[in-house]
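> Let me give you the structure first, and then I'll get to my questions.
There are 2 protein chains.
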Amino acid sequence: MDKIKVLGISGSLRADSFNTALLKSAIELSKEYLNIDIYDISRIPLYNHDHEKKGIPESVIEFKSAIASSDSLLFALPEYNSSVTGVLKNAIDWASRAESPLNGKPCAIMGASGGLSGTAVAQSHFRQIASSVNLICMNVPKLQLRKSKSLFDENNILTDQSTLEHLDKFLKAFREWTLNFINTKN
Amino acid sequence: MDKIKVLGISGSLRADSFNTALLKSAIELSKEYLNIDIYDISRIPLYNHDHEKKGIPESVIEFKSAIASSDSLLFALPEYNSSVTGVLKNAIDWASRAESPLNGKPCAIMGASGGLSGTAVAQSHFRQIASSVNLICMNVPKLQLRKSKSLFDENNILTDQSTLEHLDKFLKAFREWTLNFINTKN
Numbered sequence: 000m001d002k003i004k005v006l007g008i009s010g011s012l013r014a015d016s017f018n019t020a021l022l023k024s025a026i027e028l029s030k031e032y033l034n035i036d037i038y039d040i041s042r043i044p045l046y047n048h049d050h051e052k053k054g055i056p057e058s059v060i061e062f063k064s065a066i067a068s069s070d071s072l073l074f075a076l077p078e079y080n081s082s083v084t085g086v087l088k089n090a091i092d093w094a095s096r097a098e099s100p101l102n103g104k105p106c107a108i109m110g111a112s113g114g115l116s117g118t119a120v121a122q123s124h125f126r127q128i129a130s131s132v133n134l135i136c137m138n139v140p141k142l143q144l145r146k147s148k149s150l151f152d153e154n155n156i157l158t159d160q161s162t163l164e165h166l167d168k169f170l171k172a173f174r175e176w177t178l179n180f181i182n183t184k185n
Numbered sequence: 000m001d002k003i004k005v006l007g008i009s010g011s012l013r014a015d016s017f018n019t020a021l022l023k024s025a026i027e028l029s030k031e032y033l034n035i036d037i038y039d040i041s042r043i044p045l046y047n048h049d050h051e052k053k054g055i056p057e058s059v060i061e062f063k064s065a066i067a068s069s070d071s072l073l074f075a076l077p078e079y080n081s082s083v084t085g086v087l088k089n090a091i092d093w094a095s096r097a098e099s100p101l102n103g104k105p106c107a108i109m110g111a112s113g114g115l116s117g118t119a120v121a122q123s124h125f126r127q128i129a130s131s132v133n134l135i136c137m138n139v140p141k142l143q144l145r146k147s148k149s150l151f152d153e154n155n156i157l158t159d160q161s162t163l164e165h166l167d168k169f170l171k172a173f174r175e176w177t178l179n180f181i182n183t184k185n
């Protein structure tokens, strides 16, 4: 069968973001069985219902179409101020509107923090948001990286061996998770 | 003494938002003892650490300065997808950065929903975010309006009598809450 088509979404717009780097490592590690494309959400404007009524912005149409044509979504979520980033939530707010491509879509979440939180609170908030828009989140394994600076090398490539092993396990579980829903459709 | 200076922030950018309308009703109801200015957060760009390093955007400098020169903040929070709006979270993410004017600032939160949620989940998420940035939130009374369409008239003015009485109680408590922190400073 064809490789599973995954849309990777990072909640950080920073070029050197650990979360974007984590997505890049996931692409490398799973290239035999997942086809992960990273979607850049930096062009999605602030959600305003009045603008939506005048016409959905091109960048939002593109984003929704990229979601719709993927088998599943892989989120890399930084934690800002004990929640998901405003940037990521804003993208979800747009995507969730009329004919939401999020509805019924399988997803998984992972996160990397510089400190000790491991983005646990952001993941908890995200799970509530996900349930509200009917994204179907994989529960386990969890992937919450702490002290990320020690796990990535100077080129922002994940090199920590035990983390790579855990990411591999996570991605294989995510493949199975996605297949559940693809098979249901066929 | 001078009237207490309050910055009112709506989490919705929609012109006819119930939450913005609620702020306007609060201005009218408390004009003898609060001086509430509504701050429009629509010009704040998506947070990007790389842009921040190049220079903080003018709109963010203005927003932070408006927060810093206020005695307290009054948030009107819609609930989108079981959380605060991405737009509001994004504004908080910017304001919380270096020399955060949110640090130690008293605030109160209110919210209006079209349905039955009363924005309770968004308020719960906001309290976690607020504690993270050391905004000092008033706990009670709560203000969570349900079925807002029945409470506002055709010009989007709050006309429901029992809601007006509750809002009056809420705003007087908010005045006392703010005074606690002003008096501490003097």
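Each protein sequence line maps, in turn, to chains V and W.
Positions 0 to 185 (numbering that gives the first Met the number 0) are the ones given, in order, by the first sequence.
Positions 0 to 185 (numbering that gives the first Met the number 0) are the ones given, in order, by the second sequence.
Quick reminder that beta carbons are idealized off the backbone N, C-alpha and C, glycines included.
Please read these numbers as outputs of a predicted model, since none were measured by experiment.
With 8 Å as the C-beta to C-beta threshold (strictly closer), list the residues of the region 117-132 of chain W near chain V in chain order.
Answer set for the region 117-132 of chain W: Val120, His124, Gln127, Ile128, Ser130, Ser131, Val132.
> Taking the DSSP output, what are the residues bridged to Leu72/V?
On the first sequence, residue 72/V is found 73 positions in, with the first residue counted as 1. Answer by DSSP bridge pairing, in chain order: Leu6/V, Cys106/V.
> Alpha carbon to alpha carbon, what distance is there between Phe151/V and Leu157/V?
Within the first sequence, residue 157/V is the residue found at index 158, counting from 1. Within the first sequence, residue 151/V is the residue found at index 152, counting from 1. Looking at the two C-alpha atoms, the distance is approximately 4 Å.
> Mind listing the chain W neighbours of Tyr46/V? Cutoff is C-beta to C-beta under 8 Å, in chain order.
Here residue 46/V corresponds to residue number 47 of the first sequence, with the count starting at 1. Correct list: Leu12, Tyr79, Thr84, Gly85, Val86.
> Quick one: is Ala97/W buried, meaning 16 or more other Cβ sit within 10 Å of its Cβ, or exposed?
On the second sequence, position 98 is the one that residue 97/W refers to. So Ala97/W counts as exposed.
> Would you kindly check if the distance between the Cβ of Ile40/V and the Cβ of Ala25/V is under 9 Å?
Taking the first residue of the first sequence as position 1, residue 25/V is located at position 26. Taking the first residue of the first sequence as position 1, residue 40/V is located at position 41. For Ala25/V and Ile40/V, no; Cβs fall outside 9 Å.
> Within 9 Å (strictly less), CB to CB, does Asp39/V reach chain W?
Taking the first residue of the first sequence as 1, we reach residue 39/V at position 40. False, the Cβ-Cβ gap to chain W never drops below 9 Å.
> Anyone know if the C-beta pair for Tyr46/W and Gly85/V falls short of 9 Å?
Position 47 of the second sequence, counting from 1, holds the residue named residue 46/W. Position 86 of the first sequence, counting from 1, holds the residue named residue 85/V. Against a cut-off of 9 Å, the Cβ pair of Gly85/V and Tyr46/W comes out as a contact.
> Looking at the strands, I want to know which residues DSSP matches up with Asn34/W.
Indexing the second sequence from 1 puts residue 34/W at position 35. Per DSSP, Lys4/W.
> Can the beta-carbon of Ser81/V be found closer than 9 Å to that of Ser131/W?
Against the first sequence, residue 81/V aligns to sequence position 82. Against the second sequence, residue 131/W aligns to sequence position 132. Yes; because the gap between Cβ atoms is below 9 Å, this pair is in contact.
> Using the three-state DSSP reduction, which class does Ile156/V fall into: helix, strand or coil?
Along the first sequence, read from residue 1 onward, the residue named residue 156/V stands at position 157. DSSP places Ile156/V in coil when its eight states are reduced to three.
> Who pairs with Ile135/V in a beta bridge, going by DSSP?
Taking the first sequence and counting its residues from 1, the one referred to as residue 135/V is at position 136. According to DSSP, Ile135/V bridges with Pro105/V.
> Measuring only the C-alpha atoms, how far is Gly110/W from Val83/V?
Taking the first residue of the second sequence as 1, we reach residue 110/W at position 111. Taking the first residue of the first sequence as 1, we reach residue 83/V at position 84. Approximately 20 Å, taken between the alpha carbons.
> Find the residues of chain V that neighbour Ile135/W, judging by a C-beta separation of less than 7 Å, and give them in chain order.
Here the question's residue 135/W lines up with position 136 in the second sequence. Those do not exist, as Ile135/W stays about 15 Å from chain V at its closest Cβ, beyond 7 Å.
> Please return the same chain residues whose Cβ sits closer than 7 Å to the Cβ of Asp167/W, not counting the five positions on each side in sequence.
Reading the second sequence from its first residue, position 168 is the one you call residue 167/W. Leu28.
> With 16 other CB atoms within 10 Å as the buried threshold, where does Val5/V fall?
Here the question's residue 5/V lines up with position 6 in the first sequence. With 16 or more other Cβ atoms within 10 Å, it is buried.
> Rounding to the nearest angstrom, what Cα-Cα distance links Leu243/V and Cys136/W in this structure?
Only positions 0 to 185 of chain V appear in this structure, which leaves residue 243/V out of reach.
> Taking the continuous alpha helix (DSSP H) assigned at Val59/W, which residues delimit it?
Taking the first residue of the second sequence as position 1, residue 59/W is located at position 60. Taken as a continuous stretch (DSSP letters only), the alpha helix (DSSP H) holding Val59/W covers 57-67.
> If we cut at 9 Å on Cβ distances, does Ser29/W have a partner in chain V?
Taking the first residue of the second sequence as 1, we reach residue 29/W at position 30. False, the Cβ-Cβ gap to chain V never drops below 9 Å.
> Using a C-beta cutoff of 9 Å, does Ser16/W count as contacting chain V?
Walking along the second sequence from the start, residue 16/W turns up at place 17. Yes, because at least one Cβ of chain V sits closer than 9 Å to the Cβ of Ser16/W.
> Could you name the residues that DSSP lists as bridge partners for Leu161/V?
Numbered from its first residue, the first sequence carries residue 161/V at position 162. Leu is not the amino acid found at residue 161/V; the sequence shown has Ser there. Its beta-bridge partners do not exist; DSSP assigns none.
> With a 10 Å radius around its C-beta and 16 neighbouring C-beta atoms as the bar for buried, classify Gly7/W as buried or exposed.
For this step, residue 7/W is matched to residue 8 along the second sequence. By the neighbour-count rule (16 or more Cβ atoms within 10 Å), Gly7/W is buried.
> In angstroms with no decimal places, state the Cα-to-Cα distance between Asn185/W and Lys88/V.
Numbered from 1 along the second sequence, position 186 holds the residue referred to as residue 185/W. Numbered from 1 along the first sequence, position 89 holds the residue referred to as residue 88/V. For Asn185/W, the predicted model reports a pLDDT of 49, less than 50, meaning its position is unreliable; a value from the coordinates is still stated below. Roughly 39 Å between the two C-alpha positions.
> Are the region 48-60 of chain V and the region 90-108 of chain W touching by the rule of at least three beta carbon pairs closer than 8 Å?
With the cut-off at 8 Å, the region 48-60 of chain V and the region 90-108 of chain W do not touch.
> Using a Cβ cut-off of 9 Å (strictly closer), state whether Ile91/V contacts chain W.
Your numbering for residue 91/V matches position 92 in the first sequence. For Ile91/V, the answer is yes, since a Cβ of chain W falls inside 9 Å of its Cβ.
> Less than 9 Å between the C-beta atoms of Asn133/W and Ser161/W, yes or no?
Numbered from its first residue, the second sequence carries residue 133/W at position 134. Numbered from its first residue, the second sequence carries residue 161/W at position 162. No; because the gap between Cβ atoms is not below 9 Å, this pair is not in contact.
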